[in-house]
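In our numbering, the protein residues as written are 314 to 585.
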């Protein structure tokens with residue numbers, strides 16, 4: 314699962330944007346398939362604690378819908394013929410009260426919408442997951458762990474095994490603020506970044522600027538007052554050996570484009 318997530322992070326990073334929202338690259342109408350959902354990805358890989366699991370359960374696990382889908386799936390296994398079951402993830406309508414007027418809280422409704430499980434044969438099934446939006450580098454890997462550990466574990470796949478998990482996104486955000494999160498797990502992160510530069514120089518510059526804010530003291534500009542940015546900063550620094558930090562600093566300093574007079578404050582919003 315981790316490798317497949319990393320592959321998508323690189324692929325989406327050099328994919329042409331439909332548009333930018335600040336530094337965020339937005340890609341519309343995205344579909345991809347994962348075939349391996351084994352347990353090699355954990356919340357800690359995206360910088361989260363077990364609090365994230367509790368939050369996701371509170372926001373997206375709708376017990377009535379999920380329980381009914383489990384019941385219907387068991388019936389489908391007994392019939393052993395084509396059909397599908399589904400459950401929705403609307404355990405909340407808004408993440409925050411819009412009347413409070415917070416500029417940081419999302420009032421867009423659930424990003425993870427629903428899940429469909431389709432019986433293909435006596436030995437295989439497919440899972441389809443539908444999204445309004447996701448932030449791919451940091452939020453999505455947590456969703457993957459939640460899907461694997463808290464949603465799909467409720468279903469009996471002992472004989473009818475999952476052959477593929479298909480993801481369908483109306484919108485995908487790839488925020489350079491979070492690129493360091495998957496980069497820490499890449500075997501050759503600088504090669505990945507050079508590939509992004511060859512395909513999308515504008516987005517590459519944003520990645521370098523954001524990552525330098527975390528790892529190069531002279532570029533630690535404007536993030537100290539932003540809790541989300543500082544959490545990413547702290548996690549990245551903690552995860553690196555002194556040698557890795559030195560390698561990253563050399564690369565970032567050699568490729569940093571400098572700053573123009575126009576300065577965009579760090580923005581942790583991802584429309585989720």
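For glycine and all other residues, C-beta sits at the position ideal for the given N, C-alpha and C.
Item                                                                                                                                                      : Value
In angstroms with no decimal places, state the Cα-to-Cα distance between residue 571 and residue 365.                                                     : 35 Å
What does the Cβ neighbour count give for residue 576, buried or exposed, with the cut at 16 atoms within 10 Å?                                           : Note that residue 576 scores a pLDDT of 47, beneath 50, so its modelled location is shaky and nothing firm can be said.
Would you grab the beta carbon distance between residue 337 and residue 488 for me? Rounded to a whole angstrom, and I think it's under 8 Å.              : 5 Å
In terms of residues, what are the limits of the alpha helix (DSSP H) holding residue 322?                                                                : 315-326
Could you pull the start and end residues of the alpha helix (DSSP H) that residue 496 belongs to?                                                        : 493-496
Since residue 569 and residue 532 are thought to touch, with beta carbons under 8 Å apart, how far apart are those beta carbons, to the nearest angstrom? : 7 Å
Does DSSP classify residue 403 as helix, strand or coil?                                                                                                  : coil
If you pair each beta-carbon of the segment 430-440 with each one of the segment 328-336, do three or more pairs fall below 8 Å?                          : no
Please confirm whether residue 428 and residue 477 have their CB atoms less than 9 Å apart.                                                               : no
Could you tell me if residue 360 is buried or exposed, where buried requires 16 or more neighbouring beta carbons within 10 angstroms of its beta carbon? : buried
For a minimum of 4 consecutive residues, which ranges assigned as the alpha helix (DSSP H) are wholly contained in the segment 488-569?                   : 493-496, 502-512, 514-528, 540-552, 555-568
Is DSSP giving residue 300 helix, strand or coil here?                                                                                                    : Coverage of the chain is limited to positions 314 through 585, which leaves residue 300 absent and any answer about it impossible.
Spatial neighbours of residue 509 within its chain, please: C-beta separation below 8 Å, excluding the five flanking residues on both sides.              : 323, 326, 327, 516, 517, 520
Does the segment 346-355 come close enough to the segment 367-378 to have 3 or more Cβ pairs within less than 8 Å?                                        : no
Please report how far the alpha carbon of residue 386 lies from the alpha carbon of residue 373, in whole angstroms.                                      : 20 Å
Can you tell me whether DSSP reads residue 380 as helix, strand or coil?                                                                                  : helix
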